[in-house]
DNA sequence: ACGCTGGATGTAATCGATTACAACAATACG
DNA sequence: CGTATTGTTGTAATCGATTACATCCAGCGT
């Protein structure tokens, strides 16, 4: 041990140790070293020991690039995120990293930031064979064109969104429309009749679906859909959008008794703005959110919200991608999984009598 | 265009296109194709056009593994994070991704989760030459042993923490002790004399330093350091730790008028627990946090806190690592940068008269 | 004793790019 | 007109692993 490091030091500039070095030291061919590592039961016990001992002595680690080149597999996945500062994705990334690392895959992250250049960049990363699979975790699906330029041989999955009619990608999402309707139905069940909605960013599919669910529930209960109660203008699922919505709230002569926000952060921003003006929550206005991010439970009042099973979705999506990456050429069918949301009742909704 | 895709389709299973294919189609050698890409001005204009046209036609993208193998550089960096659900690191990761991607580097993330196995795993990733540089973004520095097994030829940086006496890594942090003292001094300046502290997780260096700063400020003002006012037991920089601290608060007969929490999330958890019991903030108890995470400003009351310049630190650390990765062999000196924190006064601290 | 079988190992091709060096043509210059 | 120079391109070695195929040898059956 001590000697070997001395030798290394004495030799001057430390070259990284290759399989050749190990083979030489163990007195075998490189093929044997490779086999000792990959299929230990196919080399004689004595040889195996010699090889392992040489590996230990040199601190050899197989070069990833060489391995990838030959094996045509990098053991890496690309996770694409929108990249806004939003904490919604933290548990998702956590779950993904957990499952992928456990399976020996590395996680390359990419924030698209709704920028065309960045999408092109990551499309190139995929085409360069730098990853074995791709997981798109975003509402803003990369434009078809770019997505199409990457070969279908690379397994792709989508989370929290849907690309209509693409059979080559797995999809893991929730029924946003249904879940939103359920949230609004809950408000109605608590006696609310005048219910407002703060949609998410205009372009997003989720935002549209949640708005749709809001309308569904109203119509179903025989309540009017009033455009004055739909406070558009959100640029994102963020605090600022909730803040802007509050401005619209205060302009109203006839105020709603309850508000359904398309995301927790919007709800929090909205609540904060109302409280600042002395409006009590839920005493004066009830608020319900969507997502159940980590802050929902710690706010004051704790936010009643529709939970998306983010961690579970992450785990499932990762497992599915692993399965499809493992099956090299054979066509493994993609999955379309829609998980249930769950209403989490806390303190921000008051029952009207 | 249309024809080429038809041909591909007709040829059956689409093999990924290599430099050989491009060379053949353009009627040149692979060397010329490579040159046309890497140094366009060293090939004749006509040839260059032929090559580019062939590249466009085939949709060729150079294989990353082959390039890495030959060039001994992967254009990737490993970012190690503790991996607790904490949102503190979101803007840091954002800044890192931004700078690295802009420079053509990919970001591989690794959550150490304080697990020995994972640290070993990522040490192997580095030794396998899978990344050109490493950025450790965590208070819990990987154990020396593992860190030492990776060659010093791979540039390494540390953020938010320090490894005493390691000249081979760059360090980007803040003076936790000084900043904490400043925070407590502010409380004193507002008339507080009985000030409690909620430290972070026992093991962490930051937690120790912040506790040290707290003591410094007290001593300096001639105030006693009372162990009953140091509410240990935090397991992390999280809500739950603040919640547990609240239990200790309520057990006290003589309560403090102000509390310095070692992190915003701890402060938020603490405030929430107090408010639940009808204790007003800041009317009954003042609270000051540390970090200035995104939620500090949106909480009610908005949290007065000591801001760490997370985004700036991320940018600087990334830029430094890029610089050192660019200088292949030459020994570029490492940086030791200590950025200033800034007191952000909001609503959670009351002036005592 | 001979050939056969199968286990263990070595030889060398291969993955796809980069690049040192060689080869060659065209031009410039004496 | 011959030679030096410059510019352009091709040939082939190289990066470090994996793996198909060849080889060798021991043990076995007849």
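Residue numbers (the numbering used here), protein chains in the order written: chain P, 1 to 353; chain Z, 354 to 706. For each residue, glycine too, the CB sits at the ideal point set by N, CA and C.
Considering only Z/596, Z/525, Z/687, the residue with the shortest C-alpha distance to residue 662 of chain Z is Z/525. Inter-residue distance for residue 196 of chain P and residue 184 of chain P is about 10 Å (C-alpha atoms, whole angstroms). Within the segment 56-131 of chain P, the runs of beta strand (DSSP E) at least 3 residues long that lie entirely inside it are, in chain order, 76-81, 106-111. For residue 691 of chain Z, the closest C-alpha among the options Z/485, Z/656, Z/666, Z/473 is that of Z/666.
The beta carbon of residue 214 of chain P sits no closer than 8 Å to any beta carbon of chain Z.
The continuous stretches of alpha helix (DSSP H) do not include residue 524 of chain Z, which lies in the beta strand (DSSP E) extending over residues 522-527. Contact annotation for residue 415 of chain Z against chain P: 128 [CB-CB distance below 8 Å, chain order]. Using beta-carbon distances, residue 477 of chain Z counts as an interface residue toward chain P, with a partner under 8 Å. In the same chain as residue 27 of chain P, and ignoring 5 residues on each side of it, the C-beta atoms closer than 8 Å to its own belong to 50, in chain order. Contacts with chain Z at 8 Å (Cβ-Cβ) include residue 298 of chain P. Between residue 157 of chain P and residue 320 of chain P, the gap from beta carbon to beta carbon is short of 8 Å. At least 8 Å separates the CB of residue 250 of chain P from every CB of chain Z. Across the structure, residue 305 of chain P and residue 516 of chain Z are spaced so that their CA atoms are roughly 43 Å apart. When CB distances to chain P are screened at a threshold of 9 Å, not a single residue of the segment 509-526 of chain Z falls below it. For residue 528 of chain Z, same chain residues with a beta-carbon under 6 Å away, outside a window of 5 residues either side, are 691 in chain order. Interface annotation, residue 241 of chain P: not in contact with chain Z, CB-CB separation never under 8 Å. Taking C-alpha positions only, residue 508 of chain Z is separated from residue 86 of chain P by approximately 30 Å. Excluding the 5 residues flanking it on each side, residue 583 of chain Z has same chain C-beta neighbours closer than 6 Å at 550, in chain order. Look at residue 454 of chain Z: its C-beta is under 8 Å from a C-beta on chain P. Cβ-Cβ distances below 6 Å link residue 225 of chain P to 215, 218 in the same chain, with the five nearest sequence neighbours on each side left out; the list follows chain order. The criterion of a C-beta distance shorter than 8 Å is satisfied by residue 78 of chain P and residue 110 of chain P. For residue 133 of chain P, the enclosing beta strand (DSSP E) begins and ends at 133-137. Against chain Z, the CB of residue 19 of chain P has no partner CB under 8 Å away; the residue lies outside that interface. Within the segment 684-698 of chain Z, not one residue has a Cβ closer than 7 Å to any Cβ of chain P. Residue 334 of chain P carries a coil assignment under DSSP once its states are collapsed to helix, strand and coil. For residue 58 of chain P, same chain residues with a beta-carbon under 8 Å away, outside a window of 5 residues either side, are 4, 17, 21, 22, 25 in chain order.
Taken atom to atom, the span from the alpha-carbon of residue 703 of chain Z to that of residue 632 of chain Z is near 14 Å. In this structure, Z/646 is the residue among Z/654, Z/680, Z/650, Z/646 with its C-alpha nearest to the C-alpha of residue 443 of chain Z. From the beta-carbon of residue 436 of chain Z, the residues of chain P found nearer than 9 Å are 94, 97, 98. Within chain P, no residue has its beta carbon less than 9 Å from that of residue 490 of chain Z; the closest one is some 13 Å off. DSSP lists Z/487, Z/522 as the beta-bridge partner residues of residue 509 of chain Z. Residue 192 of chain P is outside the set of residues whose beta carbon lies under 8 Å from a beta carbon in chain Z. For residue 95 of chain P and residue 650 of chain Z, the gap between their C-alpha atoms comes out near 28 Å. Residues of chain Z with a Cβ closer than 8 Å to the Cβ of residue 105 of chain P do not exist; the shortest Cβ-Cβ separation is about 11 Å. Annotation for residue 342 of chain P: no alpha helix (DSSP H) segment contains it, though the beta strand (DSSP E) segment containing it runs 342-344.
Residue environment: residue 698 of chain Z is assigned as exposed (fewer than 16 neighbouring CB atoms within 10 Å of its CB, all protein chains considered).
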